[in-house]
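Asks:
Number of protein chains: 2
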Amino acid sequence: MSFSQIFADLLHETWQKIYVSGVPMQQITLSNGEIFTRYDTTGAYTDLNINCENGLPLIRKQPAYGKTQRYYAKRGEITPEMTFVATREGFSAQFVCEKIANGSAIIPANINHPELEPMIIGKDFLVKINANIGNSAISSSIEEEVEKLLWSIRWGADTVMDLSTGKNIIQTREKILRHSPVPIGTVPIYEALEVVGGDVRDLNWPIMRDVIVKQAEQGVDYFTIHAGVLQEFVPMATRRLTGIVSRGGAIMAEWCMRNKQQNFLYTHFEEICEIMRHFDVTFSLGDGLRPGCLADANDEAQFSELKILGALTKIAGEFDVQVMNEGPGHIPIHLLAENMKKYQEYCNDAPFYTLGPLVTDFAPGYDHITSCIGAAIMGTLGTSVLCYVTPKEHLGLPLKEDVKAGMIAYRIAAHAADIAKGHPHARNWDDAISRARFDFRWEDQFRLSIDPATARQYHDEALPQPNAKHAPFCSMCGPKFCSMRLSHDIKKLTVEA
Amino acid sequence: MSFSQIFADLLHETWQKIYVSGVPMQQITLSNGEIFTRYDTTGAYTDLNINCENGLPLIRKQPAYGKTQRYYAKRGEITPEMTFVATREGFSAQFVCEKIANGSAIIPANINHPELEPMIIGKDFLVKINANIGNSAISSSIEEEVEKLLWSIRWGADTVMDLSTGKNIIQTREKILRHSPVPIGTVPIYEALEVVGGDVRDLNWPIMRDVIVKQAEQGVDYFTIHAGVLQEFVPMATRRLTGIVSRGGAIMAEWCMRNKQQNFLYTHFEEICEIMRHFDVTFSLGDGLRPGCLADANDEAQFSELKILGALTKIAGEFDVQVMNEGPGHIPIHLLAENMKKYQEYCNDAPFYTLGPLVTDFAPGYDHITSCIGAAIMGTLGTSVLCYVTPKEHLGLPLKEDVKAGMIAYRIAAHAADIAKGHPHARNWDDAISRARFDFRWEDQFRLSIDPATARQYHDEALPQPNAKHAPFCSMCGPKFCSMRLSHDIKKLTVEA
Numbered sequence: 000m001s002f003s004q005i006f007a008d009l010l011h012e013t014w015q016k017i018y019v020s021g022v023p024m025q026q027i028t029l030s031n032g033e034i035f036t037r038y039d040t041t042g043a044y045t046d047l048n049i050n051c052e053n054g055l056p057l058i059r060k061q062p063a064y065g066k067t068q069r070y071y072a073k074r075g076e077i078t079p080e081m082t083f084v085a086t087r088e089g090f091s092a093q094f095v096c097e098k099i100a101n102g103s104a105i106i107p108a109n110i111n112h113p114e115l116e117p118m119i120i121g122k123d124f125l126v127k128i129n130a131n132i133g134n135s136a137i138s139s140s141i142e143e144e145v146e147k148l149l150w151s152i153r154w155g156a157d158t159v160m161d162l163s164t165g166k167n168i169i170q171t172r173e174k175i176l177r178h179s180p181v182p183i184g185t186v187p188i189y190e191a192l193e194v195v196g197g198d199v200r201d202l203n204w205p206i207m208r209d210v211i212v213k214q215a216e217q218g219v220d221y222f223t224i225h226a227g228v229l230q231e232f233v234p235m236a237t238r239r240l241t242g243i244v245s246r247g248g249a250i251m252a253e254w255c256m257r258n259k260q261q262n263f264l265y266t267h268f269e270e271i272c273e274i275m276r277h278f279d280v281t282f283s284l285g286d287g288l289r290p291g292c293l294a295d296a297n298d299e300a301q302f303s304e305l306k307i308l309g310a311l312t313k314i315a316g317e318f319d320v321q322v323m324n325e326g327p328g329h330i331p332i333h334l335l336a337e338n339m340k341k342y343q344e345y346c347n348d349a350p351f352y353t354l355g356p357l358v359t360d361f362a363p364g365y366d367h368i369t370s371c372i373g374a375a376i377m378g379t380l381g382t383s384v385l386c387y388v389t390p391k392e393h394l395g396l397p398l399k400e401d402v403k404a405g406m407i408a409y410r411i412a413a414h415a416a417d418i419a420k421g422h423p424h425a426r427n428w429d430d431a432i433s434r435a436r437f438d439f440r441w442e443d444q445f446r447l448s449i450d451p452a453t454a455r456q457y458h459d460e461a462l463p464q465p466n467a468k469h470a471p472f473c474s475m476c477g478p479k480f481c482s483m484r485l486s487h488d489i490k491k492l493t494v495e496a
Numbered sequence: 000m001s002f003s004q005i006f007a008d009l010l011h012e013t014w015q016k017i018y019v020s021g022v023p024m025q026q027i028t029l030s031n032g033e034i035f036t037r038y039d040t041t042g043a044y045t046d047l048n049i050n051c052e053n054g055l056p057l058i059r060k061q062p063a064y065g066k067t068q069r070y071y072a073k074r075g076e077i078t079p080e081m082t083f084v085a086t087r088e089g090f091s092a093q094f095v096c097e098k099i100a101n102g103s104a105i106i107p108a109n110i111n112h113p114e115l116e117p118m119i120i121g122k123d124f125l126v127k128i129n130a131n132i133g134n135s136a137i138s139s140s141i142e143e144e145v146e147k148l149l150w151s152i153r154w155g156a157d158t159v160m161d162l163s164t165g166k167n168i169i170q171t172r173e174k175i176l177r178h179s180p181v182p183i184g185t186v187p188i189y190e191a192l193e194v195v196g197g198d199v200r201d202l203n204w205p206i207m208r209d210v211i212v213k214q215a216e217q218g219v220d221y222f223t224i225h226a227g228v229l230q231e232f233v234p235m236a237t238r239r240l241t242g243i244v245s246r247g248g249a250i251m252a253e254w255c256m257r258n259k260q261q262n263f264l265y266t267h268f269e270e271i272c273e274i275m276r277h278f279d280v281t282f283s284l285g286d287g288l289r290p291g292c293l294a295d296a297n298d299e300a301q302f303s304e305l306k307i308l309g310a311l312t313k314i315a316g317e318f319d320v321q322v323m324n325e326g327p328g329h330i331p332i333h334l335l336a337e338n339m340k341k342y343q344e345y346c347n348d349a350p351f352y353t354l355g356p357l358v359t360d361f362a363p364g365y366d367h368i369t370s371c372i373g374a375a376i377m378g379t380l381g382t383s384v385l386c387y388v389t390p391k392e393h394l395g396l397p398l399k400e401d402v403k404a405g406m407i408a409y410r411i412a413a414h415a416a417d418i419a420k421g422h423p424h425a426r427n428w429d430d431a432i433s434r435a436r437f438d439f440r441w442e443d444q445f446r447l448s449i450d451p452a453t454a455r456q457y458h459d460e461a462l463p464q465p466n467a468k469h470a471p472f473c474s475m476c477g478p479k480f481c482s483m484r485l486s487h488d489i490k491k492l493t494v495e496a
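Chains as they are written, first to last, in numbering that gives the first Met the number 0: chain F, 0 to 496; chain C, 0 to 496.
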C-alpha cells in the first residue's frame, strides 16, 4: 500500500491541509460558511504534491550538537522549534520559552531528526497522546510497523514509541524515523538485551552506552531509561500480587539481583545525561516499578522509585537535558489524585506521562476503555502525555484496527481533559459540532466528528437515502419524537409569546 | 432464534448458575480450584430446565395493592423483596430496610410484575446500569426488541427502559414485561402522544392518567415523569445552543407554550402519586431540561428544574412512593462535581440516575466511550444508576451489537466506581483476574473477563496453538521480554538472596 493512501479518504472527504506561518493545520469549511481549524499531526503525507514513499522531506535546519532546547530557553533564546510550537498551540514564543526554561515543558527533538514537526509537552499545553508500536519475536514486519506509525498519526498520535523487541530492530527504527513527522521514543535496554543474546546477566554499562549513542545518532527523540529501579527496591516489588510489569523494569531488577549490584543506569546517570545533551534527546524516566494491577497501586515500591525519579529529574536539568517522567499503569479512581499529588511533590512541574491508568482489571479486550477513564481524569489533574492502551493490551500485539481503537479512546480522554483544564480553544470543536447537530446539518456533523466515516456509516445504517442528510430527525427517535426538531418549534413559540 | 440460545455460549463456557438462599449467582470454578461468585441478571434463561419462550416463571408472590416497599420499610417490616436484595448484595435485610425507609434506596418492583427478580438502587449498593431499548417509527419489530432486552441482561443490564415510540407500543411492552427478570421502565408521555395522534396540543391530564393506569396494570416498574419542566423555565432553555434534548421534556415544554398553561404533570402530581402507590410503581423524575451539549451544562434551566425535582421527591415520599431522579446528559469533567453537589443539596439522598454524562461532544460514533468517562466519575461521586449510551447515540437506533458495546462500557464504569467507593466485594473480581494473569492461567483469565469470547479471540489471533494457553508469555512481548515471566525469576532470586 502506498503510504499516502492511508490518508487519502480523510483528506478528500473531510478537511484541507493549510499552513499558518509554516505550521500545518487541518481546515474544515462547513456548509453554512463557518470555518473550523484544528491541530494536525499527519506530516507531509497530506501535502498533495509531496512523495513520501522513501522518507519525509527534511524540514528542520540542523541545530548545533551539544546544546538542547532547554539550554537555549534558559538563556532566553527563542529557537525555530519554539516558534513553531507557539504557533501550533496559539501561545506566544516567549511563553513557550519560559516553560521550557523552568522544565515544565519539553520539545522532544533530536538534532538528527530533521523530518520532525516540533511539538510541545507540558501541562499548560494541549494534552498529548503517545502511541506504542513495534514488533515482538512473535510477529510483525518492518513494513507493518511503518504502516502502524502512519496509521497512528492519521488518528492523531502526537508521539510514537517504537518498542520493537523482535527481528531487525535497527532497520525497523531507521525506517520509522525517516518516515516520522512526530517525535519517536525508544527503550534502549531492549536493543541492549538483544546485543547480549537475551541473557540479562551479560548486560553492562559499555554495551548500553553504545546502544544509546547509536540510537541517538539515528535521531531518536526520547529514551525511556529505567534508572529509578534501585537494587534495594526490588524486594518491595516481588511481594506484590503481579510483581514487576514494566519490561525494562523487570530487566533491570533481574540484573541487580543476579549481579548483586546497583542499577548501572543509576550509577552512570550523569554519563547518560552527557550523551543525551549532545543530541538533545529527551529523558522519559521510566517507571519500572509501576503497579500491574489495582492491588499493587500506590505502594511502597512505586513511590520509592518515584522519589528517585524526582532526584534524577533535577540532575538532568543541571545538564540542560529535557525530562518527562513515566507514570502508571493500573490505579483505581479513588487513588488517582494521591498519585498526582506525590508526583508533584517529588518531580515538581516536569511533564508527567502516564500509561492509562486502567481503573479496573476485569476487562481484557477492552482496556482502551478501562484506561481512557483513568487517562481523562489524570489529564484533568495535569498529566501532559497519555500513553494509549489498545484493546489488545495483556492479550497480544496490537494490529492496525487496535491502534485506531486505542487512538480514538485516547483522543477522547485528552480532549475531555483539555476542556476540563480550560484550554482556551478546546471547546470550540464541541460547540461547532453541537451547532451542526442542532441545525440538522448532518454532513457537517459527520465531517466534524473524530471519525467521520464511522459516524456516517452509523447514521446511514437505518437512513441511507440522500434526503435523510437534510432531515430534521434520525432513526433513533423518528420525525415525531425528535426533541431538537421540537425545540425549534418551542423557540418560535416563546418568541411569539 | 430461541431465547435461551442467546445465553448458551456464556453458560457452557464460562460459568454455572447457582442459587444462594433462592438468589441467582454466577459461579466460576478456576483451574487452581479457586471459586469466584458474582451477581447475575440473566433470569431463568440460564436455568437449564426452564422453558422461557412464552414468558418467565412467576417467582414473586403478589403483594397487596396500595402498599409500597417504602410503606413497609417505614414500618420496619421486611418484605420478601428486601430479603432477596440483601442476599444479592451481601448486606443485612435490616440495612436494606433502613435505606428504603429513608428514601436513599429503592426496589422498583410493580405488584403486577411477578416475573421480577428484585434488585436495589442506592448509593450504598452496587452501581447499577440501565439499558434503553425500544423501537421508533423508523425501525424495529416486537421480536427484535425482546431480543435486545435479553441481549441487555446477558451483558449485565440491571434495569431496562422500553422507549418505544413506533408501532405496537402496548404489545411490545407486554412481551417485554413477561420476558423480563429486571425492572422495566417507560416514559408514559410517549404513548399518550400516540393516543392523541401525535399532536402535542391535544395532550391532557385525563388521557395521560389513562395511559399511566394501564401501564401500571401491565406491570411497568418505574415511570419517567417530566413534572419538573415548568412553563416559566421554557424560555431559559430556548436560549441555549441545543435547546431541549429530552423527548419528554420537549413534549411538555411545547404543550405549556401552545396551551399557555402550567405542565399538567406538575399540577396533577399528587394524583400521579396515588396511582403509583397503588401498584408500587417507582418514580424516575425526568430531567426534561438536561443539557444537550457542553455549552449548555449546569445552566439556569437545568438547575431550576432540579430544584423542583427535589420538592417533588419530598411529596412522593409523603405518599410512600419510591423515587429516583434523572440527571444529565452532557457535562464536561470539571463541572461534574458541581452537578452532584447541587443534586445532593436539592434532592437529598434520593438515588441519582444519570445518562452518561458525555464529557465531550466531538465523537459521535463513540459516545459509549465519551459518556462512560463521565459515568465512572459520577458513579464514584455517588450516582446509583448509570443509563448506558451506545455508539449509535445521536446517529440512529441502536442494534444488538450497539447494545453490547454500550453495556460493556458501562459495566466498566460501574465496576470502576464500585471499587472507588470502596464496596466491600468489588475488587475481588480484579484480584482474581490479576492472579490468573500473573500465573499465566490464560483460560482462567479469559473466563473471568467481562467478555470471555473477545479476550480469547484477541489472544488467539497471534497465538492460536493449544499450548499457548499455558505459555508464560503472549504475542505482545514474546517469551524473552515478558515482564511477568521475569518477575517470577526475580522473586526466586530475592528469596535466595
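The beta-carbon is built from N, C-alpha and C at its ideal position, and this holds for glycine as well.
Just so it is clear, the structure is predicted and the values come from calculations on it, not from any experiment.
What number of angstroms, rounded off, separates the C-alpha of C:Y265 from the C-alpha of C:C272?
Replies: Roughly 11 Å between the two C-alpha positions.
Asks: Taking the alpha helix (DSSP H) that F:V19 falls in, what are its first and last residues?
Replies: Premise fails: F:V19 lies in the beta strand (DSSP E), 15 to 19, not in any alpha helix (DSSP H).
Asks: Quick one: does C:H414 have its CB under 8 Å from some CB of chain F?
Replies: Yes - at least one Cβ of chain F is within 8 Å of the one on C:H414.
Asks: Quick one: grab the DSSP three-state call for C:P23.
Replies: Strand, per DSSP.
Asks: Which chain F residues sit within Cβ distance under 9 Å of C:W14?
Replies: Those do not exist, as C:W14 stays about 14 Å from chain F at its closest Cβ, beyond 9 Å.
Asks: To the nearest angstrom, how far is it from the Cα of C:L305 to the Cα of F:A425?
Replies: C:L305 and F:A425: Cα-Cα distance of roughly 28 Å.
Asks: Roughly how many angstroms separate the alpha carbons of C:A130 and C:L162, rounded to a whole number?
Replies: Using only the alpha carbons, I get a separation of about 10 Å.
Asks: Taking just the CA atoms, how far does F:H458 sit from F:A413?
Replies: For F:A413 and F:H458, the distance between alpha carbons rounds to 26 Å.
Asks: Would F:D39 be called buried (16 or more neighbouring beta carbons within 10 Å of its own) or exposed?
Replies: It counts as buried.
Asks: DSSP has C:N131 in a bridge; who is on the other side?
Replies: C:M160.
Asks: Evaluate C:K391 with the Cβ neighbour count: other Cβ atoms within 10 Å of its Cβ, from every protein chain shown; 16 or more gives buried, anything less gives exposed.
Replies: Burial call: buried.
Asks: Which chain C residues are close to F:A435, counting only those with a beta carbon under 7 Å from its beta carbon?
Replies: Within 7 Å Cβ-Cβ: nothing; F:A435 doesn't reach chain C, min ~10 Å.
Asks: Of all the alpha helix (DSSP H) runs that stay within the bounds of the region 138 to 208 of chain F, which reach a length of 4 or more residues?
Replies: 141 to 153, 168 to 177, 187 to 194, all fully within the region 138 to 208 of chain F.
Asks: For F:L284, list the residues DSSP reports as bridge partners.
Replies: Looking at the DSSP assignment, F:L284 forms a beta bridge with F:I224, F:N324.
Asks: Within this structure, are the beta carbons of C:I128 and C:L385 separated by less than 8 Å?
Replies: Going by C-beta atoms, C:I128 is nearer than 8 Å to C:L385.
Asks: For F:Y265, which three-state DSSP category applies?
Replies: Helix at F:Y265.
Asks: By alpha-carbon positions, which one of C:G421, C:S179, C:L192 ends up nearest to C:M160?
Replies: Of the listed residues, the one whose Cα sits closest to C:M160 is C:S179.
Asks: Check each candidate in F:I132, F:G165, F:I106 and name the one with the smallest Cα separation from F:L149.
Replies: Nearest option by C-alpha distance: F:I132.
Asks: What residues of chain F sit near C:D286, judged by a beta carbon separation below 8 Å?
Replies: What C:D286 touches in chain F: nothing, since even the nearest Cβ is about 12 Å away.
Asks: Have a look at C:D157 and C:T241 and give me their C-alpha separation to the nearest angstrom.
Replies: Approximately 31 Å between the Cα atoms of the pair.
Asks: On the three-state DSSP scale, how would you describe C:R440?
Replies: DSSP places C:R440 in coil when its eight states are reduced to three.
Asks: In chain F, which residues lie with their C-beta within 8 Å of the C-beta of C:V244?
Replies: By Cβ distance, chain F contributes S482, M483, S486.
Asks: So if DSSP puts F:Y71 in a beta bridge, which residue, or which two residues, is it bridged to?
Replies: For F:Y71, which the question treats as bridged, DSSP gives no partner whatsoever.
Asks: Give me the Cα-Cα distance between F:L498 and C:M339, rounded to the nearest whole angstrom.
Replies: The question about residue 498 of chain F has no answer, for chain F in this structure spans 0 to 496.
Asks: Closer than 8 Å by beta-carbon distance: list the chain C residues that pair up with F:G102, in chain order.
Replies: Chain C residues near F:G102: none, gap ~26 Å exceeds 8 Å.
Asks: Leaving aside the five residues before and after C:D401 along the sequence, list all residues of the same chain whose C-beta is less than 7 Å from its C-beta, in chain order.
Replies: Result list for C:D401: T389, P390, K391, in chain order.
Asks: CB-CB under 7 Å to F:I250, same chain, minus the five flanking residues each way: which ones, in chain order?
Replies: Answer for F:I250: I188, L192, V199, listed in chain order.
Asks: Spatial neighbours of C:Y365 within its chain, please: C-beta separation below 8 Å, excluding the five flanking residues on both sides.
Replies: Hits under 8 Å: P390.
Asks: Got a sec: is the Cβ-Cβ distance from F:I152 to anything in chain C below 8 Å?
Replies: Judged by the 8 Å Cβ criterion, F:I152 is not in contact with chain C.
Asks: Could you list which residues in chain C have their beta carbon closer than 9 Å to that of F:A300, in chain order?
Replies: Ordered by position in chain C, no residue passes the 9 Å Cβ test against F:A300, which lies about 12 Å from the chain.
Asks: Return the chain-ordered list of same chain residues with a C-beta closer than 7 Å to the C-beta of C:I302, the five sequence neighbours on each side being excluded.
Replies: Per the sequence shown, residue 302 of chain C should be read as Phe rather than Ile. So the list reads K341, once near-sequence residues are dropped.
Asks: Spell out the partners DSSP gives C:V219 in its beta bridges.
Replies: Answer is none; C:V219 lacks a bridge partner.
Asks: Note the first and the last residue of the continuous beta strand (DSSP E) segment covering C:I34.
Replies: First-last of the beta strand (DSSP E) with C:I34: 34 to 38.
Asks: Can you confirm whether C:F318, when its beta carbon is compared against all beta carbons of chain F, has any partner nearer than 8 Å?
Replies: Chain F, which has no Cβ nearer than 8 Å to the Cβ of C:F318, makes this no.
Asks: Which residues of chain C have a Cβ atom closer than 8 Å to the Cβ of F:K479, listed in chain order?
Replies: Ordered by position in chain C, the residues that pass the 8 Å Cβ test against F:K479 are A136, T164, L192, G197.
Asks: According to DSSP, which residues form a beta bridge with C:C386?
Replies: Answer is C:N129, C:L354, bridged to C:C386.
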